[in-house]
Each structure stands twice: as C-alpha cells, then as structure tokens.
Amino acid sequence: MEKPAIFGGDPVRKEKISYGKQWIDDDDVNAVAKILKGPFLTGGPTISKLEERLCEITGAKHAVVVSNGTAALHIACMALGIKEGDEVIVSAITFAASANCVLYCGGTPVFADIRPDTYNIDVEDVKRKITPRTKAIVAVDYTGQAVELDELLKICREKNIYLIEDGAHSIGTKYKGQPVGSWADITTFSFHPVKTVTCGEGGACMTNSEELYKKLKLLRSHGITRDMDEMVNKSDAGWYNEQVMLGYNYRITDFQAALLLSQLDKLKRFSDRRKEIRARYDAAFKDIPGIILQECIPESDTTWHLYVIRLDPDKLKCSRREFFDALVAEGICPQVHYLPVYRHSYYEKLGYKKGLCPVAEATYEQIMSIPFYPALTDEEIEDTIRAVKKIAEYYRK
Ligand SMILES: *Cc1c(COP(=O)(O)O)cnc(C)c1O
C-alpha cells in the first residue's frame, strides 16, 4: 500500500489544485476590453443586454443584475417586505449569506434541516417549521441540484408564503425540464469566480412578477426613479428624479456585464464538462469502501457546482480532519461546504443552539468538496481520484 504524503510518502501532485476555479478565455478578455474603450463603464446598455440574456436562458420574465449574490438575496428579501417579526425558513447547510439577508431586514431566520441523501432542504422539516409568522422560504439548490420546487411552491401557495430560491450554485439547472430561475417568486444567482459563470463579483434576481421586478430595480439604485408613474411629486422636468424608497447602490458595471455575457456563451460547454467530470468521479468512487456519494435528484437535470464526498465513519478509521489534511498533503485541496449557518459564533450569540438540525450537523462532520471545475485537466482528475483512493485505502478499517 502506498504511504500517504502526510506520513512521508510521495505526494500525488507537487502543484496543488483547489476545489474551484474560474475559466477565462481570450474572448472574455476582449469583451471586457471593448466596453472599457467605449462610452459606458456603468449604467450603459450592456446591463439590459445581460438581463435579456438571463431571461432567455432561464425562461423568467424579468432579471435585475446586481453587484453580487448577497446583494441579490438582500433586495429579494426587501422586495418581499421581510421585516421585524417575520420568520423566514432557510436551509441549514448553506453559505451564511442565505440567512444574513433575513437579518439585514430585521427578520428571523428559522433553519430547516436537510435530507440525508441529497443534502437539499427537507420539505417535511419545512412543513414542521411553518408558523403564522412565516413569510418566506430561502431554499438553496445545494451543489447545483434543484430543490423540490413543485412541492415547495405548493406549500407556499397554500400558506401564503413566498419562495426565494438561492440559485447561487444552480444556473443552467432544469427541474422537470424547466430552468431554475423561472419557478420561484424570486431566484437569486451569484457570479463569484468559484461559481459556474463569473464576472468577478456579480449577482442577479430573476422573477416573473412585474411588481417585484419594479421594486428590485428601485432597490438596486437608491430607491430613486425616473419613471413618472412611480413618483409621488410627479414632474417631467429633464433633470428630475425622485427617491421613493430607501435603496442601495448595488449596481454592476458594464464591463462586468460584458464578461458575464461572454461567460454565458460557454454555459452549455461548462455544464457538459461538469457533467462529464462528475460521471468520472462517480464511476471511480462508487466502489471505494468508506466513500459515500451524494444522491442525484431524478427531476433535476443538474449543472453541477460542487462535487461532495462523504466519509463513512463505520468503514474509515480516520476523522474528517485527518482525511482532509491527508488530501492537502497529496496536493489536492478540498473545502467543506458548509458549517450549518447557526453554528457560526455570530448566530450562537443570537441564541441559536447546537442540535437544531441534527442531519445537517451530522452531514457537516463527514463531507468535503474535492476539485471540481471545467478547467480541470484529465490528469488533474486522475490525480484527484488517485489521492482519494490512496487515503481511503490507508485508513480502511
Ligand atoms: C456564493 C453564494 C452566495 C453569495 O454570493 P456572493 O456573490 O458571493 O455574494 C449565496 N448563497 C450561496 C449558496 C452561495 O454559494
């Protein structure tokens, strides 16, 4: 048996690879340069071009692009009127921003547990956590797989609750043949460099509601309007604009929009490559004792964002920490997605207690995300497989 690098053996890779990375081509660079040399760095026509493209891809009626995915979640909660006294049910295993957006508005995040197989929000637990104060659900398409949208929407319509789909991982995914972005009251995307398509920092809100669309647009830019219909003190004077609500500056620049438009041209290619890498990992890991694979959701035609492996403590005699450190020593740098949000010390100070979502807590202790992005070379994929096998064999019970 090969000795792991952490115990003095040879590492699988000398140059380390990380769990995620962007893919930028010359055509991306040229698209940005073209805007930089043009008249509009921000507030120009590339913004609405990008919004139209996002609507085309998702089938949503409206898009509002913003400076990042967190800003998108924030104005989504604001547009839905989340305020003090309101409860919002949030997936327990997600990036903190999915719950922070509720706090920004003075609302109370209520965490729902995840399913032990797919790691997406558990619809049964959502039902248990609904109270007369529940105003919305933030459901996260974890690793890119769509949440059970028809079930969640049914509950929302019955109980008069809004659905925000945090699609930071899932642009390009279809649920029952219909793209993510066209299902929920508001779907948010993130275009951070680790996500499927990127413009450095960026985000979007997708909605089919004209009313929500108007609010989201106002909130993106200070709450200031030039539309007379929206004004209280109506004036058609050329200089006149009016602030009608308290908004932010969450605008994105035209050169970022150009970068994202160029990236979206590659979405299909990225998605296909991600599927291909996933299939290779699945085939390699399914017979390794001690490695548990994430279940696929049959209704979700997924553009995968992360590849998560789970360690089986009954078959491995190492902790997750030991496995993680051993992989890093092999040159394969994983990451853990995520600590249950309420286990962050800030949330503990707010009064959230350990034990709230037992499946999320148990899952968190055993998972890690291994390198997974379209720019991975075949050699890097093989190295990653070899490293996981090597460590799992070494620690086998
Ligand atoms: C990345 C991410 C966000 C936040 O997006 P930013 O663009 O980084 O602000 C929100 N939710 C989830 C699930 C994410 O992965």
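Residue numbers (this note's numbering): 15 to 411. Every residue gets a Cβ at the ideal spot worked out from N, C-alpha and C, and that includes glycine.
{"Check": "Contact criterion: CB-CB distance below 8 Å. Does R234 meet it with respect to chain B?", "Outcome": "In the displayed structure, chain B is absent; only one protein chain is listed."}
{"Check": "Leaving out five residues before and five after C119 in sequence, what residues of the same chain have Cβ atoms less than 7 Å from its Cβ?", "Outcome": "C91, M92, I96 and K97"}
{"Check": "Looking at ligand 1, does it come within less than 7 Å of T317, judged from the CB to the closest heavy atom?", "Outcome": "no"}
{"Check": "Measuring alpha carbon to alpha carbon, tell me which residue in S333, H351, Y409 and L274 is nearest T60.", "Outcome": "L274"}
{"Check": "So does N82 have its beta carbon nearer than 7 Å to some heavy atom of ligand 1?", "Outcome": "yes"}
{"Check": "Give a yes or no on contact between the stretch 108 to 123 and the stretch 66 to 73, applying the rule of three or more CB pairs nearer than 8 Å.", "Outcome": "no"}
{"Check": "Under DSSP, the alpha helix (DSSP H) around K229 begins and ends at which residues?", "Outcome": "E224 to R234"}
{"Check": "For A86 and I266, I'd like the C-alpha separation in whole angstroms.", "Outcome": "11 Å"}
{"Check": "Does at least one heavy atom of ligand 1 sit under 7 Å from the Cβ of V79?", "Outcome": "no"}
{"Check": "Between the stretch 224 to 242 and the stretch 253 to 260, are three or more C-beta pairs nearer than 8 Å?", "Outcome": "yes"}
{"Check": "Taking 7 Å as the cut-off, is the CB of L64 close to at least one heavy atom of ligand 1?", "Outcome": "no"}
{"Check": "Buried or exposed, going by whether 16 or more other CB atoms sit within 10 Å of the CB of R147?", "Outcome": "exposed"}
{"Check": "Among L353, D326 and G345, which residue has its Cα nearest to the Cα of P18?", "Outcome": "G345"}
{"Check": "Determine the closest residue to P385 out of A401, L226, N114 and T108, with distance taken between C-alpha atoms.", "Outcome": "A401"}
{"Check": "How many angstroms separate the CA atom of E362 from the CA atom of I185?", "Outcome": "32 Å"}
{"Check": "Any chance the CB of L87 is under 7 Å from a heavy atom of ligand 1?", "Outcome": "yes"}
{"Check": "What do you get for K209, buried or exposed, if any count of 16 or more other CB atoms within 10 angstroms of its CB means buried?", "Outcome": "buried"}
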